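Participant:
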Amino acid sequence: MTLHHMIYVCTYSYRSSGRIITSVPQEIQVFSPLSLTPKEIWLVPKATFKVDSSGGPYGTDITFSINDSNIASVDESGLITAKVISDAMVTGESRGLESVTGDIVTFSEGVVYVHVIKLTGVRISVPSTKLLAETEVGVSLSEVKDFAACLHTHNTGVGTIHLTAKCPLDICSPDGATFSDQVQIHVLPPLKVLHPQKGYFLLSHQSSLRIMTNRYIVKYW
Numbered sequence: 061m062t063l064h065h066m067i068y069v070c071t072y073s074y075r076s077s078g079r080i081i082t083s084v085p086q087e088i089q090v091f092s093p094l095s096l097t098p099k100e101i102w103l104v105p106k107a108t109f110k111v112d113s114s115g116g117p118y119g120t121d122i123t124f125s126i127n128d129s130n131i132a133s134v135d136e137s138g139l140i141t142a143k144v145i146s147d148a149m150v151t152g153e154s155r156g157l158e159s160v161t162g163d164i165v166t167f168s169e170g171v172v173y174v175h176v177i178k179l180t181g182v183r184i185s186v187p188s189t190k191l192l193a194e195t196e197v198g199v200s201l202s203e204v205k206d207f208a209a210c211l212h213t214h215n216t217g218v219g220t221i222h223l224t225a226k227c228p229l230d231i232c233s234p235d236g237a238t239f240s241d242q243v244q245i246h247v248l249p250p251l252k253v254l255h256p257q258k259g260y261f262l263l264s265h266q267s268s269l270r271i272m273t274n275r276y277i278v279k280y281w
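The sequence shown lines up with residues 61 to 281 when you count with the numbering used here.
#1: On the DSSP letters alone, give me the boundaries of the beta strand (DSSP E) that Leu251 sits inside.
#2: Looking at the structure shown, is Tyr260 part of a helix, part of a strand, or coil, going by DSSP?
#3: In the DSSP assignment, the beta strand (DSSP E) including Arg87 goes from what residue to what residue?
#4: Can you tell me whether Gly78 is buried or exposed, with buried defined as 16 or more other CB within 10 angstroms of its CB?
#5: Identify whether Cys210 lies in helix, strand or coil by the three-state DSSP scheme.
#6: Going by Cα to Cα distance, which pick from Ile88, Gln257 and Ile80 is closest to Tyr158?
#7: Leaving aside the five residues before and after Glu153 along the sequence, list all residues of the same chain whose C-beta is less than 6 Å from its C-beta, in chain order.
#8: List the endpoints of the continuous beta strand (DSSP E) containing Asp128.
#9: Using only alpha-carbon positions, find the residue among Ala193, Asn274, Pro249 and Pro98 that is nearest to His255.
#10: For the structure I just gave you, are there three or more beta carbon pairs, one from the stretch 102-115 and one from the stretch 125-139, closer than 8 Å?
#11: State yes or no: is the C-beta of Cys50 within less than 8 Å of the C-beta of Glu196?
#12: Check each candidate in Ser129, Gly156 and Val160 and name the one with the smallest Cα separation from Ser146.
#13: Counting only the same chain and skipping the five closest in sequence on each side, list residues whose C-beta sits under 6 Å from that of Lys226.
#14: Counting only the same chain and skipping the five closest in sequence on each side, list residues whose C-beta sits under 6 Å from that of Thr180.
#15: To the nearest angstrom, how far is the alpha carbon of Ile245 from that of Thr189?
#16: Starting from Val218, follow the beta strand (DSSP E) in both directions and report where the run begins and ends.
#17: State yes or no: is the C-beta of Ile231 within less than 8 Å of the C-beta of Lys99?
#18: From the DSSP output, read off the bridge partner residues of Phe124.
#19: At what residues does the beta strand (DSSP E) containing Tyr118 begin and finish?
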């Protein structure tokens, strides 16, 4: 959660004559620390990932830098591009003008740790393997950040997502490897109550009733 509050501070001086002298109001901004997410990123060489930021004061720019540009690079928007196998650290600084001196200062900063690794396999990631018909969900790879696909279900039944990835040189271990994975998806019809047909029932004490749906049979007592 990002919190911002703005307050103004004035000083007063009381003269013996009864006159009150008031200073020019000074703006004080209370803000949440700058936060970069995610805190750690794993990328294969040549892959890219954009860092999200939150917090920091209003009216300031976020400047990104990296401690070793040979391992990865980062642009002014926070887009990281991996280069070679190693570790690096990206720093984001919330910078702006200091109201009194007019100097450019850093008000808050956050860091992201970048791990550039070789890919040793792929794994398909879906929100759920049980979906309703006419549902749309995203499909991603747990090990590859810049891959995304969309799955749209139509009719009930069982289907399988197959993936085969051919790796270029210097990205996978072993070099030039081919990885594959698959996930079985169950497409279900909407849940409906078959009995009782009216959709409601009354039970007296010490009685029972079997409820039938298009998926399950449940007994209440």
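Every residue, glycine too, gets a C-beta built ideally from N, C-alpha and C. Remember, it's a predicted structure, so these values are computed and weren't measured experimentally.
Facilitator: Here's the rundown:
#1: Careful: Leu251 lies outside any beta strand (DSSP E) and carries neither H nor E.
#2: Coil, per DSSP.
#3: Looking at the sequence provided, one finds Glu at residue 87 rather than Arg. Gln86 to Phe91 is the extent of the beta strand (DSSP E) around Glu87.
#4: By the neighbour-count rule (16 or more Cβ atoms within 10 Å), Gly78 is not buried but exposed.
#5: Reduced to three states, the DSSP call for Cys210 is strand.
#6: Here residue 158 is Glu; the residue named in the question, Tyr, does not match the sequence. That would be Ile88, whose Cα lies nearest to the Cα of Glu158.
#7: Answer for Glu153: Thr123, Thr166 and Glu169, listed in chain order.
#8: No beta strand (DSSP E) holds Asp128; DSSP gives it neither H nor E.
#9: It is Asn274.
#10: Taking 8 Å as the limit for Cβ pairs, the verdict is that the stretch 125-139 does touch the stretch 102-115.
#11: Any property of residue 50 remains undetermined from this structure, which presents the chain solely from 61 to 281.
#12: Distance check between Ser146 and each of Ser129, Gly156 and Val160 places Ser129 closest, using alpha-carbon atoms only.
#13: These residues qualify, in order along the chain: Thr238.
#14: Within the same chain, Thr180 has close Cβ partners Ser233.
#15: Cα-Cα distance, rounded: 5 Å.
#16: First-last of the beta strand (DSSP E) with Val218: Gly217 to Lys226.
#17: The Cβ atoms of Ile231 and Lys99 do not sit closer than 8 Å to each other.
#18: Paired residue(s): Gly152.
#19: Under the DSSP assignment, Tyr118 falls outside any beta strand (DSSP E); it carries neither an H nor an E label.
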